[in-house]
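Per the numbering used here, the very first residue in the sequence shown carries number 1318; after that it's consecutive.
We put the beta carbon where it would ideally sit given N, CA and C, even for glycine.
Keep in mind the model is a prediction, meaning the values are calculated, not measured.
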Amino acid sequence: MTRATAAEALATAAGAGRIVRIMTAMDRPRRLRRTPALRRLVAETTLEPRQLVLPMFVADGLAEPREIGSMPGVYQHSMDSLRKAAVEAVTAGVGGLMLFGVPRPEDKDPSGSQAAAPDGILNRGLRALADEVGDSTVVMADTCLDEFTDHGHCGVLSADGSVDNDATLDRYVEMALAQAEAGADLLGTSGMMDGQVGAIRAGLDAAGRTDTGILAYAAKYASAFYGPFREAVGSSLQGDRRTYQQDPANRRESIRELELDLAEGADIVMVKPAMSYLDILRDVSDRSSVPVAAYQISGEYSMITAAAQRGWIDRRGAVLESLLGIRRAGADFVLTYWATEASHWLS
Ligand code: PBG
């Protein structure tokens, strides 16, 4: 019996007031859900420690790690605690580490000069990571100015106060060279300036850094869910980033961003945030010729954490389901603040 005929028979039976189900063998998907072994056998999507990358924060002048209020369980690290947490993450099997630097407020300036300074906090942190765990994991650096500028924007400003795209590219190249020098394997270009991947690739190549890769934030949306991150990095931003990050209303634009980043030499592309942008992740993953990452951002972490603290949601179940959903939507790997803990659960 075809499905259409079955549906017709069902409708007729229902019309006659009888409770009759006419089902073919194909209409019993529950057969494969009956036991854990069957479910395991047919699971389409995998979730493994190597597919999780831990974002980390290292803060200048900290003697002890400091917990981030809006992200319970996530810390601004001292140089010491950064090393320890990195070893713990790598031992748990994570695929990589993504480092952000938090300078002292008095070290910020309009051009974010500490971003490219060899002894700036981020570059010191990268050196510590490369030294401590460098061969056993992938060390990634956030290549963006916002933590280092006193106005909090991801680039330098023009006289009229707008973000100057092309002047910013020069700063990104300097920052990229310092990060490559400090030992980063991959540079995470998160600033959403046009041409940033091409400029950084050219700068790296010209300096002989052909082995340093670019993890391009291809699609990055102007999201309210970054809120807790701004506390995490002590951001100085007033206003928003809507003139350079993407409008959440737009879908096609991400394909354009993807194509540009691929043409400019991206080694890996990323979609961010993750959970409110799973359609974008699917679009990008269907079209990308390079690996695709997704960033489960601070607000996504905080929402699940807060609900779990109140006993409103099962924490472990919600975390693993969210990560599986992001993988299912097309991410080869996921940046998540739960990387270490979830890796423990998964091994
Ligand atoms: C900008 C940057 C941001 C995040 C990563 N890189 C914040 C922003 O764009 O405002 C957010 C990460 C998160 O929310 O977890 N360099």
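C-alpha gap between residue i and residue j, whole angstroms
i, j, result
"Met1318", "Arg1348", "Its pLDDT being 47, under 50, Met1318 is placed unreliably in this model, and the value from its coordinates should be taken loosely. The straight-line gap from Cα to Cα measures roughly 20 Å."
"Thr1622", "Ala1523", "45 Å"
"Asp1424", "Leu1532", "27 Å"
"Lys1401", "Ala1433", "25 Å"
"Lys1589", "Arg1547", "15 Å"
"Leu1446", "Val1651", "20 Å"
"Val1407", "Ala1499", "19 Å"
"Arg1569", "Leu1663", "35 Å"
"Asp1564", "Met1587", "16 Å"
"Ala1535", "Asp1584", "11 Å"
"Arg1633", "Leu1414", "21 Å"
"Ala1635", "Gly1520", "42 Å"
"Phe1374", "Ser1615", "12 Å"
"Gly1437", "Ala1458", "13 Å"
"Ser1553", "Val1419", "11 Å"
Check: residue i C-beta below 7 Å from any heavy atom of the ligand PBG
i, result
"Asp1467", "no"
"Phe1546", "yes"
"Gly1616", "yes"
"Gln1555", "no"
"Gln1431", "no"
"Ser1619", "no"
"Tyr1543", "yes"
"Ser1639", "no"
"Ser1507", "yes"
"Asp1459", "yes"
"Arg1558", "yes"
"Gln1513", "no"
"Gln1563", "no"
"Asp1631", "no"
"Asp1463", "yes"
Residue i, buried or exposed, once every other Cβ within 10 Å from all chains shown has been counted against 16
i, result
"Gly1386", "exposed"
"Met1639", "The sequence shown places Ser at residue 1639, not Met. Its Cβ being crowded by 16 or more others within 10 Å, Ser1639 is buried."
"Glu1381", "exposed"
"Asp1377", "buried"
"His1468", "buried"
"Asp1477", "exposed"
"Arg1558", "buried"
"Ala1541", "exposed"
"Gln1496", "buried"
"Arg1421", "exposed"
"Pro1366", "buried"
"Glu1576", "exposed"
"Ser1660", "buried"
"Asp1502", "buried"
"Val1359", "exposed"
"Arg1518", "buried"
"Thr1352", "exposed"
"Glu1581", "buried"
"Gln1555", "exposed"
Beta-carbon contacts of residue i that lie in its chain and below 8 Å, excluding the five residues immediately before and after
i, result
"Tyr1618", "Met1388, Val1391, Pro1545, Thr1653, Tyr1654, Trp1655"
"Val1473", "Pro1427, Ser1428, Gly1429, Leu1462, Thr1466, Val1480, Asp1481, Ala1484, Thr1485, Arg1488"
"Thr1362", "Leu1641, Arg1644, Arg1645"
"Thr1560", "Ser1479, Val1480"
Contacts around residue i, its chain only, beta-carbon distance under 6 Å, and the 5 residues preceding and following it disregarded
i, result
"Ala1646", "Leu1595, Leu1598, Arg1599"
"Met1492", "Ala1432, Ala1433, Thr1460"
"Asn1482", "Met1510, Asp1511"
"Cys1471", "Cys1461, Leu1462, Asp1463, Gly1508"
"Arg1526", "Ala1497"
"Gly1551", "Val1419"
CB contact check: residue i to chain B, cutoff 8 Å
i, result
"Thr1622", "No chain B is part of this structure, which consists of one protein chain only."
| said: Which runs of the alpha helix (DSSP H) at least 4 residues long sit entirely within the stretch 1522 to 1605? Give them in chain order. | reply: 1544 to 1549, 1569 to 1581, 1595 to 1604
| message | Which complete alpha helix (DSSP H) runs does the stretch 1494 to 1524 hold, if anything under 4 residues is left out? | response | 1513 to 1523
| message | Suppose only complete runs of 3+ residues qualify. What are the beta strand (DSSP E) ranges in the stretch 1392 to 1419, listed by chain order? | response | 1413 to 1419
| message | To test your reading of the DSSP string, which unbroken alpha helix (DSSP H) runs of 4 or more residues are found completely within the stretch 1610 to 1658? | response | 1615 to 1626, 1632 to 1645
| task | Within the stretch 1336 to 1371, note down every full alpha helix (DSSP H) run reaching 4 residues or more, in order along the chain. | result | 1353 to 1359
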